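Following the numbering used here, the numbering of the sequence shown begins with 1 at its first residue and continues without gaps. One structure is given here, and the rest of the page talks about it.
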Amino acid sequence: MRINAWFLLDIPLSAVEVRGPDGYALLVVIVILLVVPSLYFLIRFLRNKKTGTRKRGPLFGRKKISIVLEKDRKYYPDIIRVVIKNTGSRDIDLSRPLLIFRNFWTKRKFRLKGTTRYSFYPLLLEPGKEHDLTIDLNHFYRHDKRLKRYPKMTIIVSDESGKTFPSQSIMLRKTLFR
């Protein structure tokens, strides 16, 4: 409550001034929560448009491979067979595959060089051709005994330019969840 004096001074009668609810503050928070992410996506879209990372038409060939992992036994296999087939329309220059043994919180990574002391990576894979690689897991188990306890194995294949193709995984042993 205020008293207007004839000399136009506002003099409060109490020390606490009561206002209505802060509706504008809530509106400002909602606007900020909507504007900041939309600006982020707009800037990201404009940056991608400038650098030319658009999809290319059928004039350019596609690099596409299929990876198949096969094991000799259902649980605790000794030999893993990896078949990589070029299903695209261009030649692919494959770099060394990455073999990952996974436990729930830990990973062990190995780069595959070749077999029997013969290194054949980088490997040129023509369209329609396939590459067959047999991996003896006992070699890895001799290197580190704890690997036998790792339930999952993943292989990641990439080409020499750095493009990574979809990875494939297999379960090596039973777990509580799988």
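In this text, a Cβ means the ideal position worked out from N, Cα and C, and glycines have one as well. Since we're looking at a predicted model, the values are computed, not measured.
Given that a residue counts as buried once 16 or more other Cβ atoms are within 10 Å of its Cβ, and exposed if not, what is residue i?
i: residue 40; result: exposed
i: residue 45; result: exposed
i: residue 150; result: buried
i: residue 32; result: exposed
Rounded to whole angstroms, how far is the Cβ of residue i from the Cβ of residue j, which I believe are closer than 8 Å?
i: residue 147; j: residue 140; result: 5 Å
i: residue 67; j: residue 92; result: Not quite, the Cβ-Cβ distance comes to about 12 Å (not below 8 Å), so this is no contact.
i: residue 121; j: residue 94; result: 7 Å
i: residue 71; j: residue 102; result: About 15 Å separates the two Cβ atoms, so there is no contact after all.
i: residue 79; j: residue 135; result: 7 Å
What is the DSSP secondary structure of residue i, counted as helix, strand or coil?
i: residue 110; result: strand
Tell me the rounded alpha-carbon separation between residue i and residue j.
i: residue 108; j: residue 30; result: 45 Å
i: residue 166; j: residue 173; result: 23 Å
i: residue 110; j: residue 26; result: 53 Å
i: residue 116; j: residue 137; result: 14 Å
Which residues in the same chain have their Cβ closer than 8 Å to the Cβ of residue i, if we skip the five residues on either side of it in sequence?
i: residue 104; result: none
i: residue 163; result: 63
In its own chain, which residues sit with a C-beta less than 6 Å from the C-beta of residue i, not counting the 5 before and 5 after it?
i: residue 97; result: 112, 155 and 157
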